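Asker:
There are 2 protein chains.
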Amino acid sequence: MTIVVETIAALRAQVRAWRAEGLKVALVPTMGALHDGHVSLMRAALERADRCVVSIFVNPRQFAPTEDLDKYPRQLALDLDRLEKAGVHLAFTPGVEEVYPQGFATSISVGGPSAELETDFRPAFFDGVATVVGKLFIQSEPDLAVFGEKDYQQLCVVKKLVQDLNLPLEIVGSPTIRDSEGLAMSSRNAYLSAQELEIARRLNKILRKAASALEGGADEAVTMAAARQDVLEAGFDAVDYVAARQSDTLAPWQRDTDGRVLVAARLGKTRLIDNVEISAS
Amino acid sequence: MTIVVETIAALRAQVRAWRAEGLKVALVPTMGALHDGHVSLMRAALERADRCVVSIFVNPRQFAPTEDLDKYPRQLALDLDRLEKAGVHLAFTPGVEEVYPQGFATSISVGGPSAELETDFRPAFFDGVATVVGKLFIQSEPDLAVFGEKDYQQLCVVKKLVQDLNLPLEIVGSPTIRDSEGLAMSSRNAYLSAQELEIARRLNKILRKAASALEGGADEAVTMAAARQDVLEAGFDAVDYVAARQSDTLAPWQRDTDGRVLVAARLGKTRLIDNVEISAS
């Protein structure tokens, strides 16, 4: 039976009670609209901890005024059902006023890996993420938290946040879950028409081709330009970025280091992101 | 015997051991150069908690490039002797690299009470304070922390930081300690010549006169202008601000609410601040 709490006080009391019993507690922060990708994060959490807490909170501070805050999918009853089936012990479902009460005026900003990529197109995004995630960590006091590699830059920013603020927990990155065609699971896939879905499914193949080329010694600028062209030819309307970066710092990629190819592209009104590994060996 | 630790890991291990025994732990953050004002904070801590931790760290991030970071008084041996005599249980004396390792890139920013006053003259000051104090709270995990009312705007900013980030500790404000003439104890008083000391001692009397006038119904603008004039006539070289504000939010003061008169003034190369209560009754 998943316990559902809406207040920080109730969340903290339950987690502290578990930790006082010597139980290890994992947190999986989500914005709801749960899919198989999220369930894999819960599974990763339950492999490493005795208790799994999932937060469901659509964080207004990480949406720009022009973005999809209002139409972001919300389906709490369905989500709670998924948590129940996944064996999650506690769902934290605060209202906006619980997280950001009247007069709230504090923000956390992480430099380093937040530079460029998403920030070039969503300038306030990572401040919103760092602020809410920092608060969630302080509110819930978990031993570890699990984030998906799907939002790869976010994972790097969260690791840096934890390191820089000395937050006493471990961050676990969990591999992206994909459909049979390689499309990364995302709550925003729900926005896609049948035709757009076919186009979206080509994105990961293009990234894998680019990563293989780099691993094989191809020139970086040429490979990235070709990948951009491939994304547009697949049917996307615009490419925000496609770039090769070092794995942890997201500094410019250097041959013979582990890296990632990261992409953000627009398809109709939907913006999709994905990334794949560039192996150094 | 005061335990002295230089690493976050050793600090956290000791505080956790105490808390596991059911002992209540108080933190007093300082920049060293300890005087009777600091000792009064330790006393306030020891009245409320079983164990008192004092941090000594001159935080480079709260000094502007033009400010007195390099000449800020440092006297660790004397400070540790004071901690010993005050019955402090643990001194946390990290080096700069322990607090801000290579690549550190995160900052915490508190709005609300940080607006104007000090921020008008030291724009990055409260970001530096909020970042280091937030880190200290996360590093040391105390039940409570004591701050002096001498740095009144800082006290309000720290309370707001704790509230907004849901940090699980209580902030205690402790009254300003003054010499027989009313001069607020400050590490920066060490910069004053004998002649400047005489001038500095007039500052608190001027503030008390202004607060009394406001309590007696005098016009706010007239009273603040007179106070500014009084500070200059006492011999100060410049007045950064003298202002009446509400006690908690530092919003503009309103008659019949508790408030504070706050001042910052320059005397030679030294900048002094002080504040007094405006009682609503």
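In the order they appear, the protein sequences are chains A and B. Quick note on the numbering used here: the first sequence kicks off at 578 and runs consecutively. Quick note on the numbering used here: the second sequence kicks off at 578 and runs consecutively. Note that the Cβ used here is the ideal one computed from N, Cα and C, for glycine as well. Because the structure is a prediction, the values reported are computed rather than measured.
Apply the 10 Å Cβ neighbour rule to Glu-810(A) and answer buried if 16 or more other Cβ atoms are within range, or exposed otherwise.
Answerer: For this step, residue 810(A) is matched to residue 233 along the first sequence. Exposed, because fewer than 16 other Cβ atoms sit within 10 Å of the Cβ of Glu-810(A).
Asker: Secondary structure at Arg-778(A), three-state DSSP: helix, strand or coil?
Answerer: Along the first sequence, one-based indexing puts residue 778(A) at 201. Looking at Arg-778(A) - three-state DSSP - the assignment turns out to be coil, as it is neither helix nor strand.
Asker: In the DSSP assignment, find the alpha helix (DSSP H) that holds Phe-681(A) and state where it starts and stops.
Answerer: For the purposes of this step, residue 681(A) is taken as residue 104 along the first sequence, with counting starting at 1. Where Phe-681(A) is concerned, there is no enclosing alpha helix (DSSP H), given that its DSSP letter is neither H nor E.
Asker: Is there a Cβ of chain B sitting closer than 8 Å to that of Leu-611(A), yes or no?
Answerer: As a working note, residue 611(A) is residue 34 in the first sequence. With 8 Å as the cut-off, Leu-611(A) does not count as an interface residue toward chain B.
Asker: Pull up the distance between the alpha-carbon of Gln-679(B) and that of Gly-688(B), whole angstroms please.
Answerer: Within the second sequence, the letter at position 102 stands for residue 679(B). Within the second sequence, the letter at position 111 stands for residue 688(B). Whole-angstrom Cα-Cα distance: 27 Å.
Asker: So the alpha helix (DSSP H) Ala-802(A) belongs to, where does it begin and stop?
Answerer: On the first sequence, residue 802(A) is found 225 positions in, with the first residue counted as 1. Run containing Ala-802(A): 797-811, per the alpha helix (DSSP H) assignment.
Asker: Note down, in chain order, each residue of its chain lying with its Cβ closer than 8 Å to the Cβ of Ala-828(B), except the 5 sequence neighbours on either side.
Answerer: Position 251 of the second sequence, counted from the start, is the residue given in the question as residue 828(B). Once the five neighbours on either side are set aside, the close Cβ partners of Ala-828(B) are Arg-822.
Asker: Round the Cβ separation of Asp-814(B) and Gly-845(B) to the nearest angstrom and send it over; I've been treating them as touching at under 8 Å.
Answerer: Here the question's residue 814(B) lines up with position 237 in the second sequence. Here the question's residue 845(B) lines up with position 268 in the second sequence. Correct: roughly 7 Å between the Cβ atoms.
Asker: Suppose contacts are defined by Cβ-Cβ distances below 8 Å. Is Arg-765(A) in contact with Thr-847(A) by that definition?
Answerer: By 1-based counting over the first sequence, the position of residue 765(A) is 188. By 1-based counting over the first sequence, the position of residue 847(A) is 270. Yes, the pair counts as a contact, with Cβ atoms nearer than the cut-off.
Asker: Shorter than 8 Å from the beta carbon of Asn-743(B) to some beta carbon of chain A?
Answerer: Within the second sequence, numbered from 1, the residue matching residue 743(B) stands at position 166. Answer yes: the Cβ-Cβ gap between Asn-743(B) and chain A drops below 8 Å somewhere.
Asker: Along the beta strand (DSSP E) that carries Leu-844(A), what are the first and last residues, could you check?
Answerer: Within the first sequence, residue 844(A) is the residue found at index 267, counting from 1. 836-844 is the span of the beta strand (DSSP E), which, as asked, contains Leu-844(A).
Asker: Taking Gln-716(A) as part of the alpha helix (DSSP H), name the residues at either end of that continuous run.
Answerer: Indexing the first sequence from 1 puts residue 716(A) at position 139. Taken as a continuous stretch (DSSP letters only), the alpha helix (DSSP H) holding Gln-716(A) covers 702-717.
Asker: Would you decide whether Val-799(A) is buried or exposed? Buried here means 16 or more other CB atoms lie within 10 Å of its CB.
Answerer: What you label residue 799(A) is simply residue 222 of the first sequence in a count that begins at 1. Burial call: exposed.
Asker: Would Leu-839(B) and Ala-857(B) qualify as a contact pair, given that the criterion is a beta-carbon distance under 8 Å?
Answerer: Residue numbering aside, residue 839(B) sits at position 262 when the second sequence is read from its first letter. Residue numbering aside, residue 857(B) sits at position 280 when the second sequence is read from its first letter. Against a cut-off of 8 Å, the Cβ pair of Ala-857(B) and Leu-839(B) comes out as no contact.
Asker: Per DSSP, what kind of secondary structure is Leu-660(A) in: helix, strand or coil?
Answerer: Taking the first residue of the first sequence as 1, we reach residue 660(A) at position 83. It is helical.
Asker: For the segment 677-709 of chain A, which residues have a beta carbon sitting closer than 7 Å to at least one beta carbon of chain B?
Answerer: Gly-680, Phe-681, Ala-682, Thr-683, Ser-684, Ile-685, Ser-686, Val-687, Gly-688, Gly-689
Asker: If you reduce the DSSP assignment to three classes, tell me which class Ile-754(A) lands in.
Answerer: If you number the first sequence from 1, residue 754(A) lands on position 177. Coil at Ile-754(A), not helix or strand.
Asker: How far does the beta strand (DSSP E) with Asp-547(A) in it reach, from first residue to last?
Answerer: With chain A covering 578 to 858 only, the question about residue 547(A) has no answer from this structure.
Asker: Give the straight-line distance between the Cα atoms of Asp-906(A) and Glu-693(B), rounded to the nearest whole angstrom.
Answerer: Missing from the structure shown is residue 906(A); chain A here goes from 578 to 858 and no further.
Asker: Is the shortest distance between the beta-carbon of Ile-748(B) and the beta-carbons of chain A less than 8 Å?
Answerer: Residue mapping note: residue 748(B) aligns to position 171 of the second sequence, counting from 1. It does not: the Cβ of Ile-748(B) has no partner Cβ on chain A nearer than 8 Å.
Asker: Can you tell me which residues form a DSSP beta bridge with Ile-532(B)?
Answerer: Within the shown structure, residues of chain B are numbered from 578 to 858, placing residue 532(B) beyond reach of any answer.
Asker: Which partner residues does Leu-667(A) have in the DSSP bridge list?
Answerer: What you label residue 667(A) is simply residue 90 of the first sequence in a count that begins at 1. Answer is Ile-580(A), Val-630(A).
Asker: Would you kindly check if the distance between the Cβ of Val-723(A) and the Cβ of Leu-646(A) is under 8 Å?
Answerer: Numbered from 1 along the first sequence, position 69 holds the residue referred to as residue 646(A). Numbered from 1 along the first sequence, position 146 holds the residue referred to as residue 723(A). Their beta carbons are not under 8 Å apart, which means Leu-646(A) does not touch Val-723(A) by this criterion.
Asker: When you compare the CB positions of His-666(B) and Val-630(B), do they come within less than 8 Å of one another, or not?
Answerer: Within the second sequence, numbered from 1, the residue matching residue 666(B) stands at position 89. Within the second sequence, numbered from 1, the residue matching residue 630(B) stands at position 53. Taking 8 Å as the Cβ cut-off, His-666(B) and Val-630(B) qualify as a contacting pair.
Asker: Evaluate the contact criterion for the segment 609-617 of chain B versus the segment 584-596 of chain B: three or more CB pairs, one atom per stretch, below 8 Å.
Answerer: no
Asker: Closest by CA to Ala-787(B), which one among Ala-777(B), Ala-803(B), Ser-691(B), Arg-778(B)?
Answerer: Position 210 of the second sequence, counted from the first residue, corresponds to residue 787(B). The residue with the shortest Cα to Cα distance from Ala-787(B) is Ala-803(B).
Asker: Closest to Pro-637(A) by CA distance: which of Val-592(A), His-615(A), Gly-705(A), Phe-681(A) is it?
Answerer: For the purposes of this step, residue 637(A) is taken as residue 60 along the first sequence, with counting starting at 1. Comparing Cα-Cα distances from Pro-637(A) to each of Val-592(A), His-615(A), Gly-705(A), Phe-681(A), the minimum goes to Gly-705(A).
Asker: Whose C-beta lies closer than 7 Å to the C-beta of Ile-783(B) among residues of the same chain, with five residues either side of it excluded?
Answerer: For the purposes of this step, residue 783(B) is taken as residue 206 along the second sequence, with counting starting at 1. If we look at Ile-783(B) and ignore the five residues flanking it on each side, its Cβ neighbours are Ala-804, Asp-807, Val-808, Ala-811.
Asker: Could you tell me which residues DSSP pairs with Asn-852(B) in its beta bridges?
Answerer: The residue labelled residue 852(B) in the question sits at position 275 within the second sequence. Leu-839(B).
Asker: What does the Cβ neighbour count give for Gly-664(A), buried or exposed, with the cut at 16 atoms within 10 Å?
Answerer: In the first sequence, the residue the question calls residue 664(A) occupies position 87. So Gly-664(A) ends up on the exposed side.
Asker: Of all the CB atoms in chain A, is at least one closer than 8 Å to the CB of Leu-569(B)?
Answerer: Outside the shown range of chain B (578 to 858) lies residue 569(B), about which nothing can therefore be said.
Asker: Applying a beta-carbon distance threshold of less than 8 Å, which residues of chain B neighbour Lys-662(A)?
Answerer: Position 85 of the first sequence, counted from the start, is the residue given in the question as residue 662(A). Per Cβ cutoff of 8 Å: no residues; Lys-662(A) is ~30 Å from chain B at best.
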